[in-house]
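Undergrad: Can you read through this structure? Questions will come right after.
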Amino acid sequence: MERSMQTLAGLRNGAAGAPHNRGRHVGNGHKPGHKAAETETAAAARKRNGFLTGRLLPVASGLHVETDGVKTNVATTANLDYLYRSAANYARRLGVRLKFNCKKYARHPKLGMAELYRAFDAIVSENVNIELDGGRPAFCLYRFSKWPDYEVLWLPLDFTANLSKGVRRVTLEFIRRFARHHGMRNITGSYHYSMAEDCLSFSYDDEPDDGRTEAERRRTLRLLESYNNGRISRLFRRLGGRAFCRDLETALESCLPEGEAERTLLGIIKDGLTLIGKGKPCIMDYEYDWAKEEDPDIMPAGLESQVLVAYSLDDEVAAEVMQAFSADVRESYNLTPVTRLLITPETDKVFTEDDFPERFAKWFYRLVEHVSENF
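This is the structure:
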């Protein structure tokens, strides 16, 4: 899925689906664009001054995009024609009429693009953006996947210490492959971990008034040291290295679980194999910033900070990282998976929603809930 497109206009925004599973809630963030824009009308001119009697266009005449310091006007007649042919072709696929006269806007292509957007938006059920693709504007249809909003999907590792040797080896190998396939980094590589580390670090000479005893502060320092250079750090590095077993599928079938909890875990892992491997999508490829700004004050929280490998879900470090993430989301918004389709004059299919993110989230919650309750 192409991720190099640049948003030019986001004139209608949808809402992410409601969560189907219990997750780790991080607080509500504001998603810009969900509130309908308010319009104002200017007072009519009372004098017949020449500069007041000319036609005032509702949009500026040009639309410039800057690339490598060079500004290019993309509001051209050729680009308007490309958008029109794309929309007309898609309308034929839908079996509906596109109510738009392209020739009418030959002298004012940007105005034509705005009117064409409205006409195209009226015939499709999906959300519509205008993207910059290959140097020219193109319509992009998108729809939010059913995904737990303002929650994180962190895959813990600490539970593996409580597994029998064979099951532990199979579980770690599965996590290694799963994380690699879906581009999941570990928690120490996140921006929010750096923020949490700064908050948890302290100098004994400063004697911070945080309500903690000296023993508690020392325990926090030891935990941070383990994350950065100790046992936890080594486990993270090991996951990025060689395999824990050569043939995971064979090892999974021959593995002998000790108890019902381990047997259920192996069944969940077997189901998880359907989400990785050749031909399976990467969850990170569903990221799409539908409300992208050129220079935002605060960047939205991407999928890479929401779907990652953690050591624990409830130790002091995890709690501080979660707090930092939640603070960011409250100031901005988080990106959830989106199915999208770029429309061209040659598009030969209609939009079909992909349910992979929904299946991914349901399976993820099933795994985390099981290991949290049983190990």
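By the numbering used here, the letter at position 31 of the sequence shown is numbered 32, and the numbering carries on one by one without gaps.
Even glycine gets a Cβ: it sits at the ideal position worked out from N, Cα and C.
(1) Expressed to the nearest angstrom, what Euclidean distance is found between the alpha-carbon atoms of residue 175 and residue 126?
(2) Does the count of Cβ pairs from the segment 335-353 and the segment 134-141 closer than 8 Å reach three?
(3) Which term fits residue 299, buried or exposed, when burial requires 16 or more other beta carbons within 10 angstroms of its beta carbon?
(4) Taking all protein chains shown into account, decide if residue 272 is buried (16 or more other Cβ within 10 angstroms of its Cβ) or exposed.
(5) Using three-state DSSP, classify residue 130 as helix, strand or coil.
(6) Output the distance between the C-alpha atoms of residue 289 and residue 338, rounded to the nearest integer angstrom.
(7) Could you give the distance in angstroms between the alpha-carbon of residue 358 and the alpha-carbon of residue 243?
(8) Could you check the C-alpha separation between residue 89 and residue 99 for me, to the nearest Å?
(9) Starting from the N-terminal side, write out each stretch of the alpha helix (DSSP H) that is 4 residues or longer and does not extend beyond the segment 250-332.
(10) Just to confirm, are residue 183 and residue 283 a CB contact at a threshold of 9 Å?
(11) For residue 297, count neighbouring C-beta atoms within 10 Å of its own C-beta (all shown protein chains included) and say buried if the count is 16 or more, exposed if not.
(12) Can you give me the Cβ contacts of residue 307 inside the same chain, cut-off strictly under 7 Å, excluding the 5 residues immediately before and after it?
(13) For the candidate residues 118, 236, 198, 156, whose alpha-carbon lies nearest to that of residue 221?
(14) Smallest Cα separation from residue 313: which of 112, 72, 234, 129?
(15) In three-state DSSP terms, what is residue 73?
(16) Could you check the C-alpha separation between residue 368 and residue 266 for me, to the nearest Å?
(17) Report the partner residues of residue 143 according to the DSSP bridge assignment.
(18) For the segment 76-103, which segments carrying the alpha helix (DSSP H) assignment without a break, of at least 4 residues, lie completely within its bounds, in sequence order?
TA: Reading it off the structure:
(1) Cα-Cα distance, rounded: 39 Å.
(2) Contact holds: three or more Cβ-Cβ distances are below 8 Å.
(3) For residue 299, the number of other beta carbons within 10 angstroms of its own is below 16, and it is reported as exposed.
(4) Result: exposed.
(5) In the three-state scheme derived from DSSP, where H, G and I count as helix and E and B as strand, residue 130 is classed as strand.
(6) Straight across, the Cα-Cα distance linking residue 289 with residue 338 is about 7 Å.
(7) Inter-residue distance for residue 358 and residue 243 is about 28 Å (C-alpha atoms, whole angstroms).
(8) Each residue's Cα considered, the two are about 6 Å apart.
(9) Given a length threshold of 4 residues, each whole run of the alpha helix (DSSP H) inside the segment 250-332 is given here in chain order: 261-273, 317-332.
(10) Yes, the Cβ-Cβ distance between residue 183 and residue 283 is below 9 Å.
(11) Exposed, because fewer than 16 other Cβ atoms sit within 10 Å of the Cβ of residue 297.
(12) Within the same chain, residue 307 has close Cβ partners 153, 154, 335.
(13) Of all alpha-carbon atoms in 118, 236, 198, 156, the one lying nearest the alpha-carbon of residue 221 is that of 198.
(14) With distances taken between CA atoms, residue 313 lies nearest to 234 out of 112, 72, 234, 129.
(15) Correct three-state label for residue 73: strand.
(16) Between residue 368 and residue 266, the C-alpha separation is close to 7 Å.
(17) In the DSSP assignment, residue 143 is bridged to 128, 341.
(18) Segments of the alpha helix (DSSP H) lying fully in the segment 76-103: 78-95.
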